[in-house]
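K.L.:
Below you will find the structure I want to go over with you.
Number of protein chains: 2
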Amino acid sequence: MNMELSGRRKPTPEKSQLAPDEDHELEPSLGIGLNAAIVAVSDNEPVALVVRGDPDSIGATDVLPFGPFNPREHRTLESGLRAWVQDQTGLDLGYAEQLYTFADRGRHADAGATPNIVSIGYLALTQAVGHHGLTNGLWRSWYQYFPWEDWRRGRPEIIARDIEPRLKAWADKPVPGTSTQPSIARGDRARICFGLNGTAWDEEKVLERFELLYEAGLADEALRDGRPSAAEWTDRPKLGLPMQSDHRRILATAISRTRAKIKYRPVVFELMPDEFTLYELQKTVEAILGPHLHKQNFRRLVEGAGLVEPTGEVKTRTGGRPAKLFRFRREVLLERPAPGVRVSAPPSRS
Amino acid sequence: MNMELSGRRKPTPEKSQLAPDEDHELEPSLGIGLNAAIVAVSDNEPVALVVRGDPDSIGATDVLPFGPFNPREHRTLESGLRAWVQDQTGLDLGYAEQLYTFADRGRHADAGATPNIVSIGYLALTQAVGHHGLTNGLWRSWYQYFPWEDWRRGRPEIIARDIEPRLKAWADKPVPGTSTQPSIARGDRARICFGLNGTAWDEEKVLERFELLYEAGLADEALRDGRPSAAEWTDRPKLGLPMQSDHRRILATAISRTRAKIKYRPVVFELMPDEFTLYELQKTVEAILGPHLHKQNFRRLVEGAGLVEPTGEVKTRTGGRPAKLFRFRREVLLERPAPGVRVSAPPSRS
DNA sequence: CCGAATATGCTCGATTGGAGCATATATGGA
DNA sequence: TCCATATATGCTCCAATCGAGCATATTCGG
């Protein structure tokens, strides 16, 4: 998925139709589901709204909130999403954006008996609130599912301890069906994804990293799906909480998109209260991206870009000099073409 | 769509389901279709593969190639896409990426009787070839559908002559159903989208611009769909070729994505022959983005980023000094995190 | 009243990107 | 043949940006 070097593939031809009219004979009995990665930041922790798996079932894993889409009731996918999220959780979604449409078979535990579902993943940003009105629902840090993504206290140990050696072993293993070698060698993919051997860490490659772990059989979901690569490990470590179906993949996509978007659209403010200090804003950005700028430059950046304006108030009790309070300057949307927290790539902390 | 300022909406609650298991009751009788915007560059012109509308029907408009997706035959959406494109056109797609999933009713001529279709738009980049093996299919410049997007010979006249005055008139008109005012005023949207009043032109806002024209009733599709805003114009100009259904919207999304992606991924090379001069490369980039860099800096940029390497050969018959031939340096993918033609925003050519 | 902790303001230097000058090497016509 | 012209290529200059650190301001708790 998303392999740039993939070269041209030769698929087998098959029946299809290509016509200017829209009266196609189409596959019946398909359902559309909407999966939402609803993200907030609570106490400097990026959290997603999840529904806890049924503890009675074996291997109770979390799921993302899900709702069917009925085209007769809703004009657009997004309005359908907003409706059931509002109905089920009481949350009023601020920013919502489509992520990706999955229609894969074989990624489910019960492949073959799958209900032929198309699931459209959405990312939604909202403010952290205690109440969400969801039975079995809870806000959980997204780093519980992806511990290797949390660089706020430096490089996560889990990479050097659990991931790196196993990916290297996997890269050295002979590839089974060796007829079609992948265009990028496993070793190179591992190095680029996880910033090994001095390669820079790219915080946006969340999905690529998870897919690599899945392919290598290191994600719990790979074992659940019966992937041969997973069965081969004798000492498979726990690499984050698994989720049902391919929901961890959807969440990974959501994190990738959030990390990318925050840099060129003012979406951080969807996660902030109306008034905040610049340091609180920085902490929120860093919760999502990892540590980036030092304090003085972050201030220069956001003030200089016109993203915020002082309210005139100050917040005392900061442990030192009181901090000015700021609010989002909505007018920036009318002025700049792509306003965002333009933090550039950090200087290769590997 | 994609309105950042949209604020929190209050949708009406409705029936839905939110459960950790996957046994949802889902809407039956839905079909999945794949629409492909297959893009190439031919003679310095960005072209898309379209199927000419049936000339017997009234208002024969073009469509994008379409194929149904059958989850029983194909494991993933992308493999399904590659299969029928290969089968129908003989084209071996190089780069393919999912664009957006549309499930809107009401955008079709025959709303109400719509076949409840979900269409998943794909962008595919390929090399320009004369033969495509498609009855009624042809390569057509994407600027025929979006003439206001072609800035290669300066600001297109159509903006000042046909678009700007009408958008201003539309902005001054009282909004019907005025209960919920949009968060960004019409005038501001028009200014930002089309770079009016000295605002910088953002070449990536292709979709926003088309949607604005549609809303204002200036796109032919709006009239076809029976939008009231379209009927009010007494002198509606021809603003590009229309397409059937919402295919022009899909193509707009494809152009947006191509323009964005070319800057941080080496996707231009999917459009180039194996060997090329740097000026040919620049012309291809400019065909997609509009004029950006002057020649010397483009050379410095591309060579400095390690995107290309000389083949040792030269191309004579350039009308002057022979030009060195280059090829894409695939190894760049192993070195840099986000290699692309990093042309930055041009200095506000309004 | 002092020291610690935090907030805020300013400067310096390296890097990047836009623009132009200068040089190299073809083609075509006088 | 030789020169005008056109294009390709190499190099320099300058302004804007960005990372990093120093300096100052203001509060709180002994």
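If you read the protein sequences in the order shown, they are chains A and B. The first sequence: position 293 = 295 (the numbering used here), numbered continuously. The second sequence: position 146 = 148 (the numbering used here), numbered continuously. Glycine included, C-beta positions come from ideal geometry on N, C-alpha and C. Note that this is a predicted model, so its numbers are computed, not measured.
1. Do you know offhand how far B/R211's Cα is from B/C195's?
2. Using a beta-carbon distance below 9 angstroms, is B/I290 in contact with chain A?
3. Is any beta-carbon of chain A found at less than 9 angstroms from that of B/G108?
4. Give a yes or no on whether the C-beta atoms belonging to A/R142 and A/V65 are separated by under 9 angstroms.
5. So which of B/R331, B/A232, B/T286, B/D56 has the shortest CA-CA distance to B/G308?
6. Assuming B/A38 contacts B/L83 (C-beta within less than 8 angstroms), just tell me the rounded distance between them.
7. State yes or no: is the C-beta of B/R168 within less than 9 angstroms of the C-beta of B/A218?
8. Could you check what DSSP says for B/F271 in three-state terms: helix, strand or coil?
9. Is A/L335 close to chain B, meaning its C-beta is less than 9 angstroms from at least one C-beta of that chain?
10. What does A/P230 touch in chain B if you count any residue whose Cβ is under 7 angstroms from its own?
11. Is there at least one Cβ from chain B nearer than 9 angstroms to A/D190's Cβ?
12. If I follow the unbroken alpha helix (DSSP H) through B/K297, where does it start and stop?
13. Between B/R226 and chain A, is the shortest Cβ-Cβ distance under 9 angstroms, so that the two count as touching?
14. Hey, how far is the Cα of B/G139 from the Cα of B/A62?
15. Does any CB atom of chain A fall closer than 9 angstroms to the CB of B/K207?
16. In or out: A/D222 buried (at least 16 other Cβ within 10 Å) or exposed?
17. Could you name the residues of the same chain whose beta carbon sits closer than 8 angstroms to that of A/I252, not counting the 5 residues immediately before and after it, in chain order?
18. List the endpoints of the continuous beta strand (DSSP E) containing B/P332.
19. In whole angstroms, give me the CA-to-CA distance for A/V304 and A/F278.
20. Relative to the alpha-carbon of A/I165, which residue among A/E337, A/D89, A/G242 has its alpha-carbon at the smallest distance?
21. Using the DSSP secondary-structure output, state which residues sit across from A/D190 in a beta bridge.
22. Taking the C-alpha atoms as reference points, what is the distance between A/V269 and A/G306?
23. Can you find a CB in chain B that lies within less than 9 angstroms of the CB of A/D204?
24. Tell me the start and end of each unbroken beta strand (DSSP E) in the segment 48–98 of chain A that is at least 3 residues and wholly inside, in chain order.
25. Quick one: Cα of B/A353 to Cα of B/W86, how far?
26. Contact defined as beta carbons within less than 8 angstroms: I believe B/A340 pairs with B/Y266. What is the distance between those atoms, to the nearest angstrom?
27. Thinking C-beta only, is A/T313 closer than 9 angstroms to A/K297?
28. For A/G92, I'd like the list of residues in its chain whose CB is within less than 6 angstroms of its CB, leaving aside the five on either flank, ordered along the chain.
29. Among B/F68, B/R154, B/R155, which residue has its Cα nearest to the Cα of B/L360?
30. On the CB-based measure, 16 or more other CB atoms within 10 Å of its CB, does B/R323 come out buried or exposed?
P.N.:
For this structure:
1. 6 angstroms
2. no
3. Confidence at B/G108 is low in this model, with a pLDDT of 48, below 50, so its placement is unreliable and the value that follows should be read with caution. It does: the Cβ of B/G108 has a partner Cβ on chain A nearer than 9 angstroms.
4. no
5. B/R331
6. 6 angstroms
7. yes
8. helix
9. yes
10. Simply none; closest approach about 16 angstroms.
11. yes
12. 297–306
13. no
14. 14 angstroms
15. yes
16. buried
17. N37, A39, L66, L101, Y102, F104, S121, G123
18. In the sequence as presented, Pro is not what sits at residue 332 of chain B; that position holds Arg. Unbroken run through B/R332: none, as it is neither H nor E.
19. 13 angstroms
20. A/G242
21. Beta-bridge pairing links A/D190 to no other residue.
22. 17 angstroms
23. yes
24. 68–70
25. The structure shown does not extend to residue 353 of chain B, since chain B is modelled only from 3 to 352, so the question has no answer here.
26. 4 angstroms
27. no
28. G135
29. Outside the displayed range of chain B (3 to 352) lies residue 360 of chain B, so it cannot be described from this structure.
30. exposed
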